[in-house]
Amino acid sequence: MIAKSMIDLIGNTPLLELKLKKSLWKVYLKLEKFNPGQSMKDRMALNMICKAEQEGKLKPGGTIIESSSGNTATGLAFLSAIKGYHFIAVVDHHASIDKIKIIKAYGGDIVMVGSDKKADEVAVVERENKALELSKKIPNSFVLRQHENIDNRGAYVDSLAKELINELGEINELYGAIGTGGSICGTALGLKKYGSKAKINAIEPKGSIIFGGQGGPYFQSGTGNPPDAEIPPIIDYSLIDKNFYATDKEAFNTCRFLAKSLGILIGGSAGGVIYKALEDIYKKKNVGVAVILTCDGGEKYLDKIFDDDWMKSNNLIDEKIENKLSKWLEV
Ligand SMILES: Cc1ncc(COP(=O)(O)O)c(C=O)c1O
Numbered sequence: 005m006i007a008k009s010m011i012d013l014i015g016n017t018p019l020l021e022l023k024l025k026k027s028l029w030k031v032y033l034k035l036e037k038f039n040p041g042q043s044m045k046d047r048m049a050l051n052m053i054c055k056a057e058q059e060g061k062l063k064p065g066g067t068i069i070e071s072s073s074g075n076t077a078t079g080l081a082f083l084s085a086i087k088g089y090h091f092i093a094v095v096d097h098h099a100s101i102d103k104i105k106i107i108k109a110y111g112g113d114i115v116m117v118g119s120d121k122k123a124d125e126v127a128v129v130e131r132e133n134k135a136l137e138l139s140k141k142i143p144n145s146f147v148l149r150q151h152e153n154i155d156n157r158g159a160y161v162d163s164l165a166k167e168l169i170n171e172l173g174e175i176n177e178l179y180g181a182i183g184t185g186g187s188i189c190g191t192a193l194g195l196k197k198y199g200s201k202a203k204i205n206a207i208e209p210k211g212s213i214i215f216g217g218q219g220g221p222y223f224q225s226g227t228g229n230p231p232d233a234e235i236p237p238i239i240d241y242s243l244i245d246k247n248f249y250a251t252d253k254e255a256f257n258t259c260r261f262l263a264k265s266l267g268i269l270i271g272g273s274a275g276g277v278i279y280k281a282l283e284d285i286y287k288k289k290n291v292g293v294a295v296i297l298t299c300d301g302g303e304k305y306l307d308k309i310f311d312d313d314w315m316k317s318n319n320l321i322d323e324k325i326e327n328k329l330s331k332w333l334e335v
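Position one of the sequence shown corresponds to residue 5 (my numbering), numbered consecutively onward.
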């Protein structure tokens, strides 16, 4: 296919098999970093914009405003460039410098909030309040509100889920990160729609409170829900079979191991999902097919996860994680 626009290149991302030692499970990574904005959030950015246009909420030449940790904003920024909208991303210090530079490269503007927060605290509430405040001041502007926008979740039904069914047929376990819940709940809805009986596993950072765990700070970017933020209403708990908590150490040491041993450069939330998925699969006595959704690439986190000094100064290096991974994975 010859694409007519970058929009045509959203979706149909590659699957990569992870070879496991002493396990009959087939495990596949869905590599969402191969979307044009380098994350799965391109899918929902496109769907939210198209639906807002159809409903007349977004008018030609208008301004899109969104609170984002960076990936949704990147998708919205490049789509705004193509569609002629002005885009403002409201971000906090958790957004990596590289993500901010990418948004600016597409012509987006950045509004930074939460400067009084500590390095491992997220400022979701401040971000959302700022986005609403801006929309009141800027004429012909619209806040997409990914946390409560049903078109975030709906984006994955006929794209990601359908792709997985077409590519793999039967799937027994699906593992993915949960933040707004759009990707895991939308993919779950799609798998059900297309007749799959896959069990759905949601992974959040330790410290995130989506499944009621003890709240606390965490460094994993984009995923989870911090203790002071309202649980996104688009999360449908009835779609999730099991939930897990990934520590920053589990997430980041997995990313580093996969980069160095298999040449797979993925972001922090994906590292956490892969580690918890492998831990879970190794407890299973049966045989099956598992898909692990990896939200984005490691290129956006070179100054943190892949920076030895940053990892050491935050006491995040843990050789036990790498030892476990080398027992589980064929490298
Ligand atoms: C890196 C990363 N991982 C995971 C998620 C969570 O995805 P969702 O909001 O679809 O639950 C996000 C969302 O922004 C993200 O940016």
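Beta carbons are placed, not taken as given, at the ideal position from N, Cα and C, and that holds for glycine.
Residue A255 holds the alpha-carbon nearest to the alpha-carbon of G275 among A255, G194, L168 and R260.
Burial check for V335: the Cβ neighbour count within 10 Å stays below 16, so the residue is exposed. Counting of Cβ neighbours within 10 angstroms places L136 among the exposed residues, the total staying below 16.
Per DSSP, I11 is not a residue of any alpha helix (DSSP H), being assigned neither H nor E. Shortest gap from the CB of S163 to any heavy atom of ligand 1: 6 Å or more.
Of the candidates G199, G79 and T227, G79 places its Cα closest to the Cα of I92.
According to DSSP, M116 shares a beta bridge with V95.
Pairing I142 with K203, the inter-Cα distance amounts to about 44 Å.
A Cβ-Cβ distance of about 6 Å is found for the pair K166 and G194, placing them in contact under the 8 Å criterion.
Look at L297 here: in three-state DSSP terms it is strand. Between ligand 1 and S187, a heavy atom-to-CB distance of less than 6 Å is present. For P209, DSSP records a beta bridge to A250. Counting along the chain, F82 sits inside the alpha helix (DSSP H) bounded by residues N75 to K87.
In the DSSP assignment, L138 falls within the unbroken alpha helix (DSSP H) covering V128 to K141. One thing to note: S43 has its Cβ within 7 Å of the Cβ of N75. For D311, the Cβ stays outside the 6 Å cut-off from all heavy atoms of ligand 1.
DSSP places F256 within a helical segment (H, G or I) once states are collapsed to three. Taking 6 Å as the cut-off, the C-beta of N75 counts as close to a heavy atom of ligand 1. With 16 or more other Cβ atoms inside 10 Å of its own Cβ, K34 counts as buried.
With a threshold of 16 other beta carbon atoms within 10 Å, M5 falls short and is exposed. Boundaries of the beta strand (DSSP E) harbouring I69: T67 to S71, taken from the DSSP string. Contact annotation: I69 and L172 have beta-carbon atoms that are not nearer than 7 Å. Inclusion of T227 in the 6 Å shell around ligand 1 follows from its C-beta lying nearer than that to a non-hydrogen atom of the ligand. K197 is the residue among K197, I11 and K63 whose C-alpha sits nearest the C-alpha of L168. Here M52 is not near L164, since their CB atoms are 7 Å or more apart. Secondary structure at K103: helix, using DSSP grouped into helix, strand and coil. A check of alpha carbon separations from L20 across K304, D102 and T298 identifies T298 as the nearest. Ligand 1 has no heavy atom closer than 6 Å to the beta-carbon of G112.
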